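Take the sequence shown: its position 2, counted from the start at 1, is 1 in numbering that gives the first Met the number 0, and no numbers get skipped. The beta-carbon is built from N, C-alpha and C at its ideal position, and this holds for glycine as well. Note that the coordinates shown come from a computational prediction; the quantities given were computed from them, not determined experimentally.
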Amino acid sequence: MKILPVKLYKSPNFKGHNDENIIAYDDADSKARREYIRNHIEDEKMPFYSIYEKEPRLEEYELNKMLTFFVNRPKKIDGDIMSELPLSNLHNISNSSRYKPNIWRGSTLYEAPDWVLEKLKEAGIKTIIDLEGFGKHYKKRIQDAGFEYVGFSISSMKYGNVPEFKKEELLKFIKTMQKEYIYMGCECGTYKTDAAIRLNNLFNPKVKGYCKIYSPEMIEYIPQVADEIYLTMTPEDKKSIGWTPEFEEQFNEKIAGMLGWDKNY
């Protein structure tokens, strides 16, 4: 049964009414749902029970949508837990109010004790990106700890070496970076991590602006490498990471500017 508001300025019309005039539904399912919420008002999984008190005239369907939105709203990685971890160069990759993903960077977890992995999980991390390519043993340890493992192995960048990596791994890395709840890192969380961030800035259409680079002098070859990778990308490759013709044009403008082809960049 539907419960309708009684309007005193005219006789209520119970026939042919619009759903927007409905206060709530009085069927068994709706009653059970309301009772469940009232019985779980102290449960952390149902923290928005007050909506029922603040919005008593919303119909049941709209209330259910509102509750679902709030309960399932993406949660942020716990920065307090992250700050306690013994990991070098630990930072969130946010750049401004325009781009605030739940993604953190730092040193590798290769020698990290098990309690650090547990704390990462407690903080909300779900995926670990390995920029060193430590191999099957490390991958198994990460997976056994309950994380998704993604390998994006970048060659040594010491002594001015040009970084090398596989196009397929780059594409998978970009797809992963379009998600959230990620921890990524190299040996010290510096050069290779900066290179990965710069590549993400260039290839990921979801990035707004630029994420901070801490060692720009060590990744001066990235635009050159990015251009070489771009020339090997197929239409399917571009589509797989969400490129549009407009984004591809922006990408070429960025590369041209970084390589000095566009003097107005």
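Query: Helix, strand or coil: which one does DSSP assign to Val149?; Result: strand
Query: What are the partner residues of Thr126, as DSSP defines its beta bridges?; Result: Glu147 and Ile181
Query: Just grab the DSSP bridge partners of Arg104 for me.; Result: His90 and Met183
Query: Report, in whole angstroms, the separation of the C-beta atoms of Leu170 and Gln223, which I expect to be a contact under 8 Å.; Result: Actually they do not touch by this definition, with Cβ atoms about 19 Å apart.
Query: Just confirm the distance between the C-beta atoms of Gly188 and Gly105, as a whole number of angstroms; I'd bet it's less than 8 Å.; Result: 4 Å
Query: Return yes when the Cβ of Lys118 is within less than 8 Å of the Cβ of Asn269, no when it is not.; Result: Examination of residue 269 is not possible in this model, given that the chain is present from 0 through 264 alone.
Query: Taking C-beta to C-beta, are Phe164 and Ser152 nearer than 8 Å?; Result: yes
Query: When you compare only the Cα positions, how much space is there between Tyr264 and Lys253?; Result: Unreliable placement is indicated for Tyr264, whose pLDDT of 34 sits below 50; the coordinate value is still reported in the next sentence. Taking the straight line from one Cα to the other gives about 8 Å.
Query: Run the CB neighbour count on Thr192, radius 10 Å, all protein chains shown included, and call it buried at 16 or more, exposed below.; Result: buried
Query: Determine, using beta carbons only, whether Gln177 and Lys207 come nearer to each other than 8 Å.; Result: no
Query: Closest to Ile127 by C-alpha separation, out of Phe146, Asp236, Phe250 and Lys237, would be which residue?; Result: Phe146
Query: Between which two residues does the alpha helix (DSSP H) holding Asn200 run?; Result: Tyr190 to Phe202
Query: Could you check if Leu198 is buried or exposed, using at least 16 other CB atoms within 10 Å of its CB as the buried criterion?; Result: buried
Query: Would you kindly work out how many angstroms separate the C-alpha atoms of Phe202 and Ile173, rounded to a whole number?; Result: 7 Å
Query: Is it buried or exposed, Ser87, if we count other Cβ atoms within 10 angstroms and call 16 or more buried?; Result: exposed
Query: Have a look at Glu235, His90 and Pro162 and flag the residue whose alpha-carbon is nearest the alpha-carbon of Ile221.; Result: Pro162
Query: To the nearest angstrom, how far is the alpha carbon of Met65 from that of Arg33?; Result: 14 Å
Query: Please report how far the alpha carbon of Ala195 lies from the alpha carbon of Thr67, in whole angstroms.; Result: 36 Å
Query: Could you check how far apart the C-beta atoms of Cys210 and Thr107 are, in whole angstroms? I think they sit under 8 Å.; Result: At roughly 19 Å, the Cβ-Cβ gap does not stay under 8 Å, so Cys210 and Thr107 are not in contact.
Query: Can you tell me whether DSSP reads Val224 as helix, strand or coil?; Result: helix
Query: What's the gap between the Cα of Ser239 and the Cα of Pro112?; Result: 36 Å
Query: Rounded to the nearest angstrom, how far is the Cβ of Ile309 from that of Tyr35, given a contact under 8 Å?; Result: Missing from the structure shown is residue 309; the chain here goes from 0 to 264 and no further.
Query: Roughly how many whole angstroms lie between the Cα atoms of Trp114 and Asp226?; Result: 41 Å
Query: So, is Asp25 buried or exposed, given that buried needs 16 or more other C-beta atoms within 10 angstroms?; Result: exposed
Query: Can you list, in chain order, the residues of its chain whose CB lies under 8 Å from that of Asp77, leaving out five sequence neighbours each side?; Result: Glu121, Ala122 and Gly123
Query: In the structure shown, what three-state DSSP assignment does Phe246 receive?; Result: helix
Query: Please classify Lys139 as buried or exposed, where buried requires at least 16 neighbouring CB atoms within 10 angstroms.; Result: exposed
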